[in-house]
Each structure stands twice: as C-alpha cells, then as structure tokens.
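K.L.:
When we follow my numbering, the leftmost residue of the sequence shown carries the number 45, and every step to the right adds one.
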Amino acid sequence: MTKKRILSGVQPTGSLHIGNWLGAIRNWVELQKEYDTYVCVVDLHAITVPHNAEKLKSDTLSTAALYVACGMDPRECSIFIQSHIPAHSELCWLLNCVTPLNWMERMIQFKEKALKQGDNVSLGLLDYPVLMAADILLYDADLVPVGEDQKQHLELARDIAQQRINSRFSKNNNPILKVPKPLILKEGAKIMSLCDGKNKMSKSDPNENSRIGLLDDPDAIQKKIKKAKTDPHFGLEFSNPERPESDNLLGIYSMVTNQSREKVAEECSEIGWGKFKPLLTDAVITSLQPIQQKYNDLIKDPSELNRILKEGTNNAKTLSGHTLQRVREALGFLETINI
Ligand code: TYM
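(1) Apply the 10 Å Cβ neighbour rule to CYS141 and answer buried if 16 or more other Cβ atoms are within range, or exposed otherwise.
(2) DSSP three-state call for GLY241: helix, strand or coil?
(3) Pick out whichever of SER248, CYS239 and GLY115 has its Cα sitting closest to the Cα of SER254.
(4) How many Å lie between ASP179 and ASP326 at the Cα?
(5) Between which residues of its own chain and ARG208 is the CB-CB distance below 7 Å, once the five residues before and five after are set aside?
(6) Taking 8 Å as the cut-off, is the C-beta of GLU389 nearer than that to any heavy atom in the ligand TYM?
(7) Leaving out five residues on either side along the sequence, give the residues of the same chain with a beta carbon under 7 Å from the beta carbon of SER166.
(8) Can you give me the Cβ contacts of GLN336 inside the same chain, cut-off strictly under 7 Å, excluding the 5 residues immediately before and after it?
(9) Taking 8 Å as the cut-off, is the C-beta of TYR79 nearer than that to any heavy atom in the ligand TYM?
(10) When you compare the CB positions of ALA21 and PRO276, do they come within less than 9 Å of one another, or not?
(11) Would you call the stretch 179 to 190 and the stretch 221 to 230 touching, i.e. three or more CB-CB distances under 8 Å?
(12) Classify CYS121 as helix, strand or coil using the three-state DSSP reduction.
(13) For the stretch 201 to 217 against the stretch 111 to 129, are there 3 or more C-beta pairs whose distance is under 8 Å?
(14) Note down, in chain order, each residue of its chain lying with its Cβ closer than 6 Å to the Cβ of ALA272, except the 5 sequence neighbours on either side.
(15) Rank LEU182, VAL308 and GLN196 by C-alpha distance to the C-alpha of HIS366 and give the top, closest one.
(16) Less than 8 Å separating the Cβ of TYR111 from some heavy atom of the ligand TYM?
(17) Out of ASP261, LYS99, ASN218 and TRP147, state which residue places its alpha-carbon closest to the alpha-carbon of ILE329.
(18) Per DSSP, what are the beta-bridge partners of ASP80 in this structure?
(19) What does the Cβ neighbour count give for PRO285, buried or exposed, with the cut at 16 atoms within 10 Å?
(20) Suppose you measure from the CA of GLN369 to the CA of GLY67; what does that come to, to the nearest Å?
(21) Can you find a C-beta in chain C that's less than 9 Å from the C-beta of THR367?
(22) Please state the DSSP three-state secondary structure of LEU75.
(23) How about the stretch 302 to 313 and the stretch 69 to 86: do they share at least three Cβ pairs that are nearer than 8 Å?
(24) For the pair the stretch 80 to 87 and the stretch 46 to 57, tell me if three or more CB-CB distances fall below 8 Å.
(25) Would you tell me roughly how many angstroms separate the C-alpha atoms of LEU159 and LYS77, rounded to the nearest one?
(26) Within the same chain, show all residues whose beta-carbon is closer than 6 Å to that of ALA309, passing over the 5 residues directly before and after it, in chain order.
(27) So does the stretch 129 to 141 actually touch the stretch 167 to 174, counting three or more Cβ pairs closer than 8 Å?
(28) Would you call ARG202 buried or exposed, if buried means 16 or more other Cβ atoms sit within 10 Å of its Cβ?
(29) Alpha carbons only, please: which of LEU175, HIS95 and GLU231 is nearest the one belonging to ASN64?
(30) Whole angstroms are fine: how far does the CA of MET299 sit from the CA of LEU394?
(31) Could you check where the beta strand (DSSP E) with LYS225 kicks off and where it finishes?
(32) Are the beta-carbon atoms of LYS321 and LYS270 separated by less than 9 Å?
(33) GLN266: which of ALA97, LEU323 and ALA90 sits nearest, CA to CA?
(34) Which runs of the alpha helix (DSSP H) spanning at least 4 residues fall entirely within the stretch 233 to 319, listed in chain order?
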C-alpha cells in the first residue's frame with residue numbers, strides 16, 4: 045500500500061521558538077515514520093514583509109539545520125528550500141489568476157500583519173496564502189500538519205484546489221489537484237506568549253521575553269521563565285478561562301516532560317508559581333539540550349546539511365514537476381519546446 049503524504053514548512057524569519065516546535069515540527073518527527081514526508085524552509089514567504097538579505101541566508105540554513113536537529117530524519121523524509129524549486133512560484137502565478145481577490149482580503153493573518161506594516165504592505169503579503177496553497181498542492185499532500193493559526197490558509201488551499209481548479213478544468217471527473225486536509229493536533233496547537241496567555245507566541249513579537257527560542261541558552265531560558273506572567277492564584281491548573289497563563293505554562297510543561305496532562309495537573313495542583321517556574325525551567329532546558337547539541341554539530345560543518353538538502357531538492361523537484369505539468373496542461377498551455 046502506498047503511504048499517504050504530508051507536507052509542511054516554517055518561515056525562516058528570525059529564530060524558531062518552542063511554539064514552532066511543539067505545534068508543528070515535533071509532530072512531523074512522529075509522522076515521518078508513517079507518511080511520505082516533505083518539509084521545506086519557506087524562504088519565499090519570508091520576504092513578504094521587509095527583510096534583511098544577509099540574515100535571510102543564515103536564517104534559512106539555520107531553520108533547515110533545526111529540522112534535522114529536532115529529529116527530521118533524511119532517510120525518512122525529504123527536506124528542501126522552497127525557493128530552490130521554481131515550480132512553487134510558477135504554480136502560485138497560475139493559482140493567482142483563478143483566485144478571487146475577495147477571498148484574500150478575508151485572511152485573518154493578512155489583516156493582522158498588514159496592520160503592523162502601515163503604508164508598507166506588499167502585494168506579496170496579500171498573496172502569501174496562494175503561495176502556501178501552491179506549496180501544498182504541488183506535492184499532492186493528503187495532510188498538512190500545522191498549528192491552529194494556519195487553519196484558514198489550509199481552507200483556502202482546499203477551496204482553490206476544489207472550486208477553482210478541479211471543478212473548472214478537470215475532464216471526466218479526474219481531479220487535477222489533490223484536496224489536502226489540515227492535521228492540527230490538540231496539544232501544542234497554540235502555544236501562547238510568556239508575557240500574555242491570551243496572545244499567541246510569535247516570531248514577530250518585538251518583545252524577546254514573550255518566546256523561548258529553540259537555541260536560547262539556559263541562562264536566557266531561566267530569565268524568560270522567571271519574568272513570565274503569572275496570576276495571584278495558588279496551584280497550577282488547566283482550562284480555567286480566568287487563568288490562561290497557568291493553562292499555557294502547564295501545557296508546555298506537560299509536553300516537554302512527555303507526561304500526560306492529568307499527571308502534571310496532579311503534580312502541580314498544590315504548588316505555587318515560585319516552585320513551578322524552576323521545574324518548568326529545568327524541563328525546558330533539558331528538552332532543548334539534545335536539539336541544540338545536534339544543531340551546533342550540523343552548523344559547524346554544513347557539508348552534511350548540504351548533502352541532505354541536495355537529496356531533498358531532487359525528490360521535491362521530481363514530484364512537483366509532475367503536478368505543475370498536469371496543471372499547465374489542464375489550463376491550456378502549449379507544451380514546452382525542448383531546445
Ligand atoms: P510559521 O513559520 O509562522 O510557523 C511554522 C509552524 O509553527 C506553527 N506555530 C505555532 N504552533 C503552536 N503555537 C504557536 N504559538 C505557533 N506559532 C507558529 C504554525 O502553525 C506552523 O505550523 N504559513 C506558514 C508557513 C508555510 C506552510 C506552507 C506551512 C508556508 N507554506 C505549507 C504548511 C504548508 C507559517 O507562516 O508558519
């Protein structure tokens with residue numbers, strides 16, 4: 045039986061945080077054993093807001109290294125850089141021309157990010173979800189493992205594939221594009237800011253103390269957790285709407301210690317914040333230590349990483365090339381002339 049396929053990616057904008065890990069990458073690591081897995085560093089997405097060219101290079105390499113350091117195994121999956129496969133940009137253009145503008149204006153993340161950009165909103169920012177649809181649809185992905193914040197973008201990808209390509213251009217009921225489904229696991233799907241349990245942890249938050257970076261050293265982790273927002277109650281608990289910080293930090297503790305929510309809720313119900321914070325600090329440091337160790341080895345000698353990316357790129361090129369050809373044919377483009 046052929047394996048079902050998954051595809052996902054992270055933007056190389058600044059350093060990755062534990063939300064990216066617990067909400068996405070850690071799930072990929074589990075899924076790669078069961079699924080035909082493609083993961084890319086979505087560098088074309090990173091320039092939809094003003095960016096620093098030199099930093100983009102190092103952030104792209106660093107993100108790829110983190111995939112491997114977190115446990116993505118090149119024997120089980122294909123890892124590649126989005127911009128190394130020109131088919132992403134080409135399919136994006138084809139999808140642009142069939143996607144209604146008012147679908148794009150509804151996107152929540154666009155509205156949020158546009159607000160921050162003031163007068164400097166690029167057309168690319170508006171088009172971002174179509175590029176994301178191209179990323180997914182090119183690989184005939186069955187499932188897309190992401191955090192909660194990407195749900196609306198996934199719905200758009202499904203609508204474009206189904207309503208704008210398959211139902212308009214398919215012949216004899218043979219779908220041109222596979223309609224993907226989101227895969228959002230309940231736990232970790234939305235890790236919140238350390239400074240405000242009602243706001244998502246985000247790479248673009250100007251306050252560094254709001255997130256724990258995957259590459260933060262123990263000292264920084266300790267300081268950030270020490271400063272993390274608390275509440276006046278004694279004992280930690282889940283799901284109390286008046287205690288979002290307790291829910292968030294206890295959730296992180298449960299995930300990084302690989303213990304059930306019931307177990308940690310019991311362990312921490314009778315301790316105050318003063319005792320809980322050092323526990324959480326140690327657990328976070330311990331869970332990140334092997335990732336950081338592997339990351340440092342990979343970055344010291346990038347030849348191994350380059351080999352991994354080369355292999356991933358080859359696999360991605362072949363698969364995406366077939367899909368792009370299918371779409372080109374369906375939309376009526378003349379066959380390419382081989383010179
Ligand atoms: P990005 O780079 O913002 O985030 C990468 C992944 O991390 C998840 N995530 C979180 N999960 C839980 N809690 C959080 N606080 C948190 N913050 C981020 C995101 O949901 C995501 O899964 N548009 C995407 C990148 C992308 C993509 C794709 C993803 C481009 N093309 C194709 C999947 C398939 C993004 O900006 O993710």
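Idealized CB from N, CA, C, for every residue including glycine.
P.N.:
Reading it off the structure:
(1) As a working mapping, residue 141 is identified with position 97 in the sequence shown. Answer is exposed; the Cβ neighbour count stays below 16.
(2) By 1-based counting over the sequence shown, the position of residue 241 is 197. Here GLY241 sits in coil by DSSP.
(3) The count along the sequence shown starts at 1 and reaches residue 254 at position 210. Among SER248, CYS239 and GLY115, the Cα nearest to that of SER254 is on CYS239.
(4) Your numbering for residue 179 matches position 135 in the sequence shown. Your numbering for residue 326 matches position 282 in the sequence shown. Cα to Cα, ASP179 sits roughly 38 Å from ASP326.
(5) Here residue 208 corresponds to residue number 164 of the sequence shown, with the count starting at 1. Excluding sequence neighbours, ARG208 sits near VAL142 and THR143.
(6) Outside the displayed span of the chain (45 to 383) sits residue 389, for which this structure offers no information.
(7) To locate residue 166, count along the sequence shown from 1; it is residue 122. These residues qualify, in order along the chain: THR92.
(8) Against the sequence shown, residue 336 aligns to sequence position 292. The residues are LEU259.
(9) As a working note, residue 79 is residue 35 in the sequence shown. Result no, Cβ not under 8 Å from the ligand TYM.
(10) Any property of residue 21 remains undetermined from this structure, which presents the chain solely from 45 to 383.
(11) yes
(12) Against the sequence shown, residue 121 aligns to sequence position 77. Of the three classes helix, strand and coil, the one that applies to CYS121 here is strand, per DSSP.
(13) no
(14) The residue labelled residue 272 in the question sits at position 228 within the sequence shown. Excluding positions up to five away in sequence, the list reads LEU238.
(15) As a position in the sequence shown, residue 366 is number 322, starting the count at 1. That would be LEU182, whose Cα lies nearest to the Cα of HIS366.
(16) Within the sequence shown, the letter at position 67 stands for residue 111. TYR111: no, Cβ never under 8 Å from the ligand TYM.
(17) Looking up residue 329 in the sequence shown gives position 285. Ranking the options by Cα distance to ILE329, first place goes to ASP261.
(18) Counted from its first residue, the sequence shown places residue 80 at position 36. DSSP lists ARG49 as partners of ASP80.
(19) Working through the sequence shown from its first residue, we reach residue 285 at position 241. Its Cβ having fewer than 16 others within 10 Å, PRO285 is exposed.
(20) Taking the sequence shown and counting its residues from 1, one reaches residue 369 at position 325. Taking the sequence shown and counting its residues from 1, one reaches residue 67 at position 23. Each residue's Cα considered, the two are about 33 Å apart.
(21) Here there is only one protein chain, and chain C is not present.
(22) The residue labelled residue 75 in the question sits at position 31 within the sequence shown. Helix at LEU75.
(23) no
(24) Touching, yes.
(25) Taking the first residue of the sequence shown as position 1, residue 159 is located at position 115. Taking the first residue of the sequence shown as position 1, residue 77 is located at position 33. Spanning the two alpha carbons is a distance of roughly 40 Å.
(26) Taking the sequence shown and counting its residues from 1, one reaches residue 309 at position 265. Cβ neighbours of ALA309 beyond the five flanking positions: PHE282.
(27) yes
(28) Your numbering for residue 202 matches position 158 in the sequence shown. With 16 or more Cβ atoms within 10 Å of its Cβ, ARG202 is classed as buried.
(29) On the sequence shown, residue 64 is found 20 positions in, with the first residue counted as 1. Minimum Cα distance to ASN64 is reached at GLU231.
(30) No answer is possible for residue 394: it lies beyond the span of the chain, which begins at 45 and ends at 383.
(31) For the purposes of this step, residue 225 is taken as the residue at position 181 of the sequence shown. Looking at the DSSP string, the run of the beta strand (DSSP E) that includes LYS225 is 225 to 227.
(32) Taking the sequence shown and counting its residues from 1, one reaches residue 321 at position 277. Taking the sequence shown and counting its residues from 1, one reaches residue 270 at position 226. In contact: LYS321 and LYS270 (Cβ atoms closer than 9 Å).
(33) Numbered from 1 along the sequence shown, position 222 holds the residue referred to as residue 266. Of the listed residues, the one whose Cα sits closest to GLN266 is LEU323.
(34) 262 to 271, 288 to 300 and 305 to 312
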